[in-house]
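The next block holds one structure in the form of structure tokens; read it before the comments.
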Ligand code: AHR
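Numbering (the working numbering), first residue to last: 28 to 691.
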């Protein structure tokens, strides 16, 4: 009997054997010669600054446990199980007790706190396990804070501990009884690096103390902001130079039901007043349950806008349109009750763009950002479909356009790039003159290769296209066997040449999802993987980065025998010009098993002696992946290429993506 894993192994081996045989045979083949022409004096449609962006969703521990650098899980005891993530330890039973209290009348958005009573001199501790442990770095300073109300002088003995209980950083924090709630803080330095540490809080003194918002952050966050974001993860995003950032999702916008939808107003203001809710991915997949997945909203809408500004990306918030996830409850709000949803959208524009004298602009200013965030576009619903969506889109659109005619709206075309749901919305929204249609495609690599010409057929005068979520799936959608392998990344690169070639229609594109914690994910593939201290970009990441950092400002015609390059002999390509640097940028994908040496004639190129710069991305096998231990296994390699007159002849190895920059 052969079990499933053996079958998969054999299949992988067969695939590898096939790939290596093709590579081997290719050495005995003559490289095919093609004559490509780039018309450098015929710039076409502009490439929008927004062309290549990023899609952020709190899935796979992307926010709490990921981008948001908080190390304490369930810091405010608002998880369904109020002590989830916390463990009580007492050397002798009866040294102390912990009681969960609720003060909902006083603090409706963060009602719970704990009362710790320490009775004896013996040790009594509470420890927090963090998000799959806490990533602690030797030499790094950690800032501990707590809201407390002590009725007796109690001292906290804080220790960061490795899994075997060794102390790797310690501090003492006296909590004096002042008759009121106050915030106390202490900072200390860790002595040892550990990926899976935990925080132990010991109590000294006799009496009771109330505690809430128990928090621990590293000093080193993105831009050194206290309570900020993980610097390594933001850096990976900044390095992509994304044109926009879509947030907060994804299905998380919709919620499993309407009560669980994303409500931006509950994610702004003081962190201790942001109302935590369950994360919809907590229970979504029976095969990847994540019972400790909640949304603290420490990373909320203010932080998303700030992140967008930091990395030079336009903000693209997506709002719930009165519909919960149609893969789950499909709840919809009746049209007569939809006003609060629309008001949320109008108020968000005021929050982002209004001046400090307005209600919501005033809140933004009070949060430390008096300048506007320059919001220009917004999504109405995520992956909705059917006539209910059109009905709701119409009322949203009417209200938003009446008050803010300059704001562009992004509309759903459903979860698939074809079929009945897609056709209905595509036809209807085009008739309604929608601004931007959001298309999603999670498909096999072949689909991406075959659809490199998808947008060649689109109406040039219709709505703009936003390729809002896409990723090649090595297995099938939501399969745990999906891998971020080179075969998928290469197929995406081929497809993206088609997006670029059609930049008059396609204005924005983003791979999805963005982040995944190696010990806490629900969905694969994902662009960037991380553990508690390290992170890496996948081959797909390097494809995205190469496109985004070599986008140019206008399309140039690139043809083979008068036709665009959409897979002839396995070659895909696009060309652009960068008006700022006077460079011609050519992107070529050789998806064939043989090397190819096309001659590229650059018509109207000025005489140049500067060789072209070439970035090449390739791998030894279609299954090649990057990993935490080998993060750059598949990453771009830099060379130069001579130009002969107006011609250049790159050698494109099998299964290669190349970006060539030529000074003009
Ligand atoms: O990217 C993961 C999920 O895929 C998104 O939440 C949803 O929009 C799509 O179905």
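Idealized CB from N, CA, C, for every residue including glycine.
> Per DSSP, residue 137 forms a beta bridge with which residues?
Replying inline: Partner residues in a beta bridge of residue 137, as assigned by DSSP, do not exist.
>> By the three-class DSSP mapping on this structure, what secondary structure does residue 431 have?
In response: The DSSP-derived three-state label of residue 431 is coil.
>> Once DSSP output is grouped into helix, strand and coil, what is the label at residue 362?
In response: Helix at residue 362.
> In this structure, what does DSSP give as the bridge partners for residue 221?
Replying inline: Per DSSP, 163.
>> Distance cutoff 7 Å, beta carbons only. Does residue 580 sit that close to anything in chain D?
In response: In the displayed structure, chain D is absent; only one protein chain is listed.
> DSSP state of residue 686, grouped into three classes?
Replying inline: In the displayed model, residue 686 falls within a strand according to three-state DSSP.
> When DSSP labels each residue in this structure, what does residue 370 get in the three-state scheme?
Replying inline: Helix at residue 370.
> Going by the beta-carbon positions, is the gap between residue 612 and residue 579 smaller than 7 Å?
Replying inline: A contact, by the Cβ cut-off of 7 Å.
> According to DSSP, which residues form a beta bridge with residue 604?
Replying inline: Paired residues: 581 and 611.
>> Let me check you understand the geometry: is the CB of residue 278 closer than 6 Å to at least one non-hydrogen atom of the ligand AHR?
In response: Yes.
> What are the boundary residues of the alpha helix (DSSP H) that residue 392 is part of?
Replying inline: That run of the alpha helix (DSSP H) goes 386–393.
>> I want to check one thing, is the minimum distance from the CB of residue 409 to the heavy atoms of the ligand AHR below 6 Å?
In response: For the ligand AHR, at least one heavy atom lies less than 6 Å from the Cβ of residue 409.
>> Rounded to the nearest angstrom, what separates residue 104 and residue 339 at their Cα positions?
In response: Whole-angstrom Cα-Cα distance: 36 Å.
> Which residues mark the beginning and the end of the alpha helix (DSSP H) in which residue 115 is found?
Replying inline: Going by DSSP, residue 115 is part of no alpha helix (DSSP H) but of the beta strand (DSSP E) stretching over 113–117.
> Quick one: Cα of residue 647 to Cα of residue 320, how far?
Replying inline: It is roughly 37 Å from the alpha-carbon of residue 647 to the alpha-carbon of residue 320.
> According to DSSP, which residues form a beta bridge with residue 144?
Replying inline: Paired residue(s): 124 and 235.
> Under 7 Å, do residue 615 and residue 600 count as touching if we go by C-beta distance?
Replying inline: Cβ distance < 7 Å, so residue 615 and residue 600 count as in contact.
>> Looking at residue 652: is its Cβ nearer than 7 Å to the Cβ of residue 511?
In response: If you check the CB distance, residue 652 and residue 511 come in under 7 Å.
> By Cβ distance below 7 Å, which residues in the same chain neighbour residue 247 in space, the five residues on each side in sequence not counted?
Replying inline: Within the same chain, and ignoring the five residues on either side of residue 247 in sequence, the residues whose Cβ sits closer than 7 Å to its Cβ are 167 and 258.
> What span of residues does the beta strand (DSSP E) with residue 535 cover, start to end?
Replying inline: Residue 535 -> beta strand (DSSP E) spans 533–538.
> When burial is assigned at 16 or more other CB atoms within 10 Å of the CB, is residue 250 buried or exposed?
Replying inline: Looking at its Cβ environment, which holds fewer than 16 other Cβ atoms inside 10 Å, residue 250 is exposed.
> Are residue 162 and residue 222 close, meaning C-beta to C-beta below 7 Å?
Replying inline: Closer than 7 Å, so yes.
>> Suppose the cutoff is 8 Å on Cβ atoms and the five residues either side in sequence are ignored; what does the same chain contact list for residue 136 look like?
In response: 293, 300, 301 and 302, listed in sequence order.
>> Looking only at its chain, what residues have a beta carbon closer than 7 Å to the beta carbon of residue 52, apart from the 5 residues adjacent to it on each side?
In response: The predicted position of residue 52 is uncertain, since its pLDDT is 40 and thus under 50; a value taken from the coordinates is nonetheless stated next. Cβ neighbours of residue 52 within its own chain (closer than 7 Å, five residues either side excluded): none.
> Candidates 87, 152, 488 and 296: which alpha carbon is nearest residue 310's?
Replying inline: For the residues 87, 152, 488 and 296, the minimum Cα distance to residue 310 belongs to 87.
>> To test your reading of the DSSP string, which unbroken beta strand (DSSP E) runs of 3 or more residues are found completely within the region 455–508?
In response: Those beta strand (DSSP E) runs which fall completely within the region 455–508 and span 3+ residues are 463–470 and 491–499.
> What three-state label does DSSP hand residue 51 in the structure shown?
Replying inline: Low confidence applies to residue 51: its pLDDT is 40, below 50, so where it sits in the model is not reliable, and the reading given next is rough at best. DSSP places residue 51 within a helical segment (H, G or I) once states are collapsed to three.
> What residue from 134, 194, 231 and 455 has the CA that sits closest to residue 117's CA?
Replying inline: The residue among 134, 194, 231 and 455 with its C-alpha nearest the C-alpha of residue 117 is 231.
>> Is residue 150 a contact residue of the ligand AHR, with contact defined as CB to any heavy atom under 6 Å?
In response: Residue 150 Cβ: outside cutoff for every heavy atom of the ligand AHR.
>> For residue 165, tell me which candidate among 188, 179, 190 and 216 has the shortest Cα-Cα distance.
In response: Ranking 188, 179, 190 and 216 by Cα distance to residue 165 puts 216 first.
> Residues bridged to residue 563 by DSSP?
Replying inline: Bridge partners of residue 563: 556.
> Where does residue 262 fall in DSSP's three states?
Replying inline: Reduced to three states, the DSSP call for residue 262 is helix.
>> Which residues does DSSP list as the beta-bridge partners of residue 210?
In response: DSSP lists 174 as partners of residue 210.
> What's the call for residue 332, buried or exposed, on a 16-neighbour Cβ count within 10 Å?
Replying inline: Answer is buried; the Cβ neighbour count reaches 16.
> Roughly how far, in whole angstroms, is the beta-carbon of residue 153 from the beta-carbon of residue 228, given that I think they are within contact range, below 8 Å?
Replying inline: Between residue 153 and residue 228 the beta-carbon gap is near 5 Å, inside 8 Å, which marks them as a contact.
>> Rounded to whole angstroms, what is the Cα-Cα separation between residue 126 and residue 233?
In response: A straight-line Cα-Cα distance of about 16 Å links residue 126 and residue 233.
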